[in-house]
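Worksheet: one structure, shown below.
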Amino acid sequence: MDFTWILFAFITTFINFFYCNICLAKEQRIGRPKHCKKACVQESDCTSANRNCLKDGDDCGKSCVNRYATCPSLKDPAHGWVLLVDTVFDSSAEYGCYKGYELIGKSQRRCRADRQWSEKQPICRPIAKCDRLPEIFYGTYNGSGVAKLYDLNTVIIYRCIKGYFPEDDQMSVSVAKCLLDRSGRARWHGPKLVCRARSCPVAPQIPNSVRDGENYEYPNEVKYTCNLGYRMFHKGKKLSENKLKLRCLENGFWSTEFPSCYPVNCSYPHNPINGEVRGNSVSLASEIHYTCKRGYRLVGQYSRKCKADGTWTGSEPICSEIVCPTLKQLYNGEIENNGNTAGTTQTYTECHLAHCKIPYILNGKIKGYEVNQMVKNNTVVELSCSPGYEAEEDDHLICKNGTWLQAALCKPADCDWPPKIRNALAIFVKSKHGSYARYECNLGFRPANSNKMQCRYGTWGWAKIGEKFRCLPGKTYFMVDKFYWKDKWVRTHFQIRMTLSMVVLCKATCINGTWMPNYKPECIEKKYPAIEGQIRWSRDKRSFGCQPIHNDYRKTISYSMINRTFTAKVSCLDGYHFRNGLSVMYIACVNDQWERPFPKCIPIDKYLLSLRFASIKFFSDRCRIPLKKHGFFILVENKKFLQSGELVKSGSKVKLICDLNSKVNGYDTVECRRGKFLKRAGKCRPSKFIFIRRHLTKPCLRPNIKRPFIAYRSTNTLGIASKIFISSQQTAFNNGTVIRYKCLSNEDPLLWSSIVCYDGKWQFYDEPCVTYLPKTTMPTQEQSCKHPAISSSQVILNIYETSVPKGQRYPHGTMLKIACAYDMPDVGGRILKLRCRHGRWTAKRRLPCKFNGTMNHNTCDYQVDISSRVRAYSPDMKSYITFHQKFPDNALLQFSCMDIGEKQLRGNDYTVCRNKQWTFKVPKCVPLTINEGPPPIRFRVQHGPYSISPRGELVVGVASTVNLYCLFGFGKKNPTWETTSEYRDYPQRISLISDLHYGNCSALKLTINAALFQDQGKFQCILNGLRNSIKILVKDQLCEISPSIPLLRTYPKQTHYFTGTTVQFLCPEKYQLDGERSSICIDGEWSNPPPTCQSIQCPPISLTDDALSVVVTSYSLGGLAHFSCLPTHQLIGSEYAQCSNDGKWTDAVPKCKSILQCTFPGLSPHCKTATEPQPIYLQMDAIVYYSADPGYKLDSEGILVCLETGEWSNTVPTCSAVQRL
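For the sequence shown, UniProt numbering gives the first residue as 1, with consecutive numbering after it.
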């Protein structure tokens, strides 16, 4: 066993020795560095005690080294540093360079066994980089402007900025590269690029304007200014200023279209009330003239001129009615047409019979007249006597040829019946002045004093002054003479007053000393005929005409006086009822007979009774809603709208809601109780308009609570309190907005109740939370509309801007008013309303404007001649033409004279436009005289309406009285009337008239009394063979303006208007007309529909900044506009604007300023950011923190800040692995 171990050890030793010799031979054969120590394999190979077999680097391998040997200390290299922990064997040193230098050589050295450091010491030399990039005029590059040094081989690409382009594409070099030159210095090679500005087309010279600017390259501008007397139009819009700037854009096109300059036009003036305005044109320096209707005088300027700013000089005049002083009375004669307005003809006719003089009357006078005043023949006057006197004969006196037919005397007045005395009868023979009457007491009563009275001056008085006559009771109060104990109506001898009647059953029985029944008879008041003389009523001979009905086991009957009518009340006993289901019925006694037979009471069927009772209770307990004009009812408990005639249950309260222009007169809230309202509901009475100025208050910002809610604002629409729901997505809410939060399950409804906005702050509101949230949407920027593409023949009336910038937008809800531009044919003054709805323009109809300023072919010009006194009417437009206008082909015009009858139309009464020309010339109106030519005719219409048709016809209403006067001079032969109507003969007579125009002359008067349809026709006056005529039409057609149009006022103010009447419309202050200002009644229909009164609207808000958006709650008074910008922009200006009562926004449209931002700088390998990376960093948030992954370290500072220039403060750091020792 020991021998085996010895043999094993010997073999092992031999193998190790042999292997070691092979290794040493191999090392000696390859060659070890000279600084290496003795090679070894194991510790036994090192013979020295202080040597160990350790690895001495990769080049020496295992060697016998002194593990405590040290190397010399190291110094920092220039522009660098060395990190040294220790200097003993196998220690390492780490080298590095400062920023801007790079390390040449190995970064680590090791202490060897020969006490020296491995490798040579590295050096730090400057990094070979290029400096700032070369600049190119109007050029940019893709490099960072913050970096000051660029690495070798860095390539930068240049390009021209917008609006510029390379001058020579073939010879241009747009690339710059960082390379070393021959001296070893890094510099940029390239670029070779010249950028030139783009040119826009030559700006044309626009007629009637001045162009300023001759450079048409980007970004120069050209300015156009219209000459004096011209107004600038651009894209169909009239600009508020007569100048416009166009800028050459980067794409080589002008920023907008070129404008046009049209002659300045003033707005078409309106006709004054009871007047007319005429003019040839509305262009610059044109003149218009005002005239009034007959009977009115012009107060103000007669003419006005159009100024260069498009307004008329002076102010609009008015037409005041001419009133003449009243003529004195013509005694013993008559004055026809007694009036004092201008144009009234006063005609003195033949004398009448003598007048009467008002006499002096003792104790009286004549009503309405003074003593000795003269009154006409056949006049009836009324005699009024003093108190206590009366007319001896008739109190109405008649004047006959200077004498009164009866005497005017007043005598002492007679008396009426003597007064009633209780328990007494009046006995008298007559009741004239001085008569006596005496009283006698009834049976059982005795007189207390004198019983005589005397009639004096219409009043009864006691003959002796003293106490008033009375009848005192005697020993017994009543006396029974006889009873008839039979089953019938029993008459008794109760002594009843003269004016009382017995209405109860006078039947009593004496039982054990007590009268049964124990009550007295009932007496009620009753009237009897008035008979003069001695009257004494005796009740013992009087009975009732209607026979009484007996009671039975099924019913009871009682009698009473209801409204002075003897009435029987029939009541069924328990278990019985009438056939109609009722148990009580009243039957009246009429003409001594019962009005109907007494019904029978039948047993009640319980099943039918239950059904009938349920039906009766259902309907009898409910109240029916009445019909109210200008109003309606709502249920108070749930604000439900109730129709007239609808039933409400007992206990319900209803409220009367009136229209906007009405108010409640009486009770507005009434309660239903058992089929009747406890109070009678009031009425809706129209009230005067009172404008209440709304105070502009601050809005409230959206509450910072993440909980669903609804938002609404309480308002009053047509007199009813209602709610307008608002989108909950808004960022701000108007004053008065209520927010109610949504209820969650198992939550107290009062825990999250409501809040209300009050003057910019949210306050608690006593309303519970809601369980249902309606869907509300809020207009967004995507729902805005672009500027409408209208034709050049149209203009926008409610926008006044100098130009239309590119990309102009309008928010949701905007309304634009479109009309035809200057020199367009009149289309009736129609206005097209465009509304922006969810990104699209909508309109109910189209607005045709057929012609523009350069296309006037196939049109006819109509020039108004003020002196011609001719009226032109267009049936197509349904209006009179008062200004110069152009009409399309086939247009028809009708002519008539302004003063029909007094002027004669010479020419055709119509004309048609054919191929740029009128078929007939415009006629003229020639005035007529009383000395030569046809006789003039004047007319007067009484007791009815009238008008003049467009063809010069006199249109009168049915039952009107028409007087026609054919005027002629003194000494002339009398004229004659001829009529085409054969319905009847018309009275005629000669009268003398005095006229301001014709002077004193004669007139043949023809009268049409109570005109009928058969009277219409032509009425001709013939004098010396010359004729003049008036055509009369009789119509009953009326036009009506609906009274439901709120706030609209009309002149003249009527309910119905006769055909041919022109009505002018007005609105109260702070409101404006939405429609035509006037309309004509034509055959029962209006030429233009009545307008409406709209509250003054603020102008539309237009947006040109893509970063700006706005949400407008309303364009009416108090409407709120909320502006906001994109997150990358800052709002410059007010965030809110409110529509004030002057029709303007309180603040201007703000602007959005771009916030300087930095894009994410990026990440190097093995690096990360402390927060989630963002694509864009705003200046206020622009700090990025970097850190390294485990096992790595940052090579530079790990904090980057976004500078004001929009660039980062440093380059992106890199991360490298940490070298462990």
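Ideal placement from N, C-alpha and C gives every residue a C-beta, glycine not left out. Just so you know, these numbers come straight off a predicted model, no measurement behind them.
Coil, strand or helix - residue i by DSSP
{"i": "D212", "result": "strand"}
{"i": "Q783", "result": "helix"}
{"i": "C1158", "result": "strand"}
{"i": "Q205", "result": "coil"}
{"i": "C1215", "result": "strand"}
{"i": "D823", "result": "Low per-residue confidence applies at D823: pLDDT is 40, beneath 50, and the placement is therefore not dependable enough to give any value."}
{"i": "S44", "result": "helix"}
{"i": "C324", "result": "coil"}
{"i": "G368", "result": "coil"}
{"i": "I273", "result": "coil"}
{"i": "S867", "result": "helix"}
{"i": "K526", "result": "Caution applies to K526, whose pLDDT of 43 falls short of 50 and renders its modelled position unreliable; the value that the coordinates give is listed next. Here K526 sits in coil by DSSP."}
{"i": "C1202", "result": "strand"}
{"i": "G57", "result": "helix"}
{"i": "I930", "result": "coil"}
{"i": "V590", "result": "strand"}
Closest Cα partner of residue i within the set the options
{"i": "R596", "options": "S583, N580, A568 and E1076", "result": "A568"}
{"i": "residue 1244", "options": "C572, C836 and C97", "result": "The displayed coordinates of the chain run from 1 to 1221. Any statement about residue 1244 would go beyond what the structure contains."}
{"i": "C1152", "options": "D1106, S960, A113 and T1214", "result": "D1106"}
{"i": "M815", "options": "G807, K62 and I799", "result": "I799"}
{"i": "F1058", "options": "Q1072, A448, I1045 and I1041", "result": "I1041"}
{"i": "A408", "options": "I421, L383, R422 and G388", "result": "L383"}
{"i": "P950", "options": "R231, I657, R456 and T1061", "result": "T1061"}
{"i": "P77", "options": "D59, N66 and Y101", "result": "Y101"}
{"i": "E214", "options": "V202, N591 and Y1192", "result": "V202"}
{"i": "C292", "options": "K305, S286, N271 and D309", "result": "N271"}
{"i": "N1000", "options": "I1030, T929, E953 and I1008", "result": "T929"}
{"i": "residue 1223", "options": "S63, D59, R32 and T859", "result": "Lying outside 1 to 1221, the shown extent of the chain, residue 1223 is not represented and no answer is given."}
{"i": "I562", "options": "I587, L54 and K1053", "result": "I587"}
{"i": "K129", "options": "I831, G295 and R185", "result": "R185"}
{"i": "V770", "options": "G388, E321, F709 and L1004", "result": "F709"}
{"i": "D414", "options": "K430, C441, Q373 and K679", "result": "K430"}
{"i": "P134", "options": "E119, P126, V155 and P122", "result": "V155"}
{"i": "I206", "options": "L298, I1101, R231 and S199", "result": "R231"}
{"i": "N242", "options": "C226, W417, E250 and Y150", "result": "C226"}
Bridge partner(s) assigned by DSSP for residue i
{"i": "W918", "result": "C913"}
{"i": "A732", "result": "L701"}
{"i": "A1188", "result": "C1167"}
{"i": "C226", "result": "S209"}
{"i": "I1008", "result": "V962"}
{"i": "Y268", "result": "Paired residues: none, contrary to the question."}
{"i": "Q301", "result": "Paired residues: none, contrary to the question."}
{"i": "C292", "result": "G275"}
{"i": "C897", "result": "V870"}
{"i": "R740", "result": "I710 and S754"}
Taking 8 Å as the threshold, find out whether the region 1076 to 1087 comes into contact with the region 976 to 987 through three or more Cβ pairs. No, they do not touch.
Touch test, the region 952 to 971 against the region 933 to 940, Cβ-Cβ under 8 Å, three pairs minimum: Counting Cβ pairs under 8 Å, three or more are found: they touch.
Taking one C-beta from the region 1075 to 1084 and one from the region 1119 to 1137 each time, how about it: are there three or more such pairs within less than 8 Å? no
Contiguous beta strand (DSSP E) assignments of at least 3 residues, all confined to the UniProt domain "Sushi" (413 to 473): 424 to 428, 436 to 441, 445 to 447, 452 to 456, 459 to 462 and 471 to 473
If you pair each beta-carbon of the region 620 to 627 with each one of the region 642 to 651, do three or more pairs fall below 8 Å? yes
What beta strand (DSSP E) runs, 3 residues minimum, are completely inside the region 1007 to 1047? The region 1007 to 1047 contains these whole beta strand (DSSP E) runs: 1017 to 1023, 1026 to 1035 and 1038 to 1040.
Extract the residue ranges of the beta strand (DSSP E) inside the UniProt domain "Sushi" (128 to 197), only unbroken runs of 3 or more that lie entirely within it. The qualifying runs are 139 to 141, 155 to 160, 164 to 166, 175 to 180, 186 to 189 and 195 to 197.
Starting from the N-terminal side, write out each stretch of the beta strand (DSSP E) that is 3 residues or longer and does not extend beyond the region 649 to 683. Listed in chain order, the beta strand (DSSP E) elements of length 3 or more contained wholly in the region 649 to 683 are 653 to 658, 662 to 665 and 669 to 673.
So within the region 1044 to 1129, which uninterrupted beta strand (DSSP E) runs reach at least 3 residues, ignoring any that extend past its ends? Runs found: 1049 to 1051, 1056 to 1058, 1062 to 1066, 1071 to 1074, 1078 to 1082, 1092 to 1095, 1108 to 1112 and 1120 to 1125.
Touch check for the region 114 to 133 and the region 160 to 168: three-plus C-beta pairs under 8 Å? no
For the pair the region 1010 to 1027 and the region 991 to 1000, tell me if three or more CB-CB distances fall below 8 Å. Cβ pair count under 8 Å is below three, so no.
With three or more C-beta pairs closer than 8 Å as the rule, is the region 1183 to 1201 touching the region 1156 to 1175? yes
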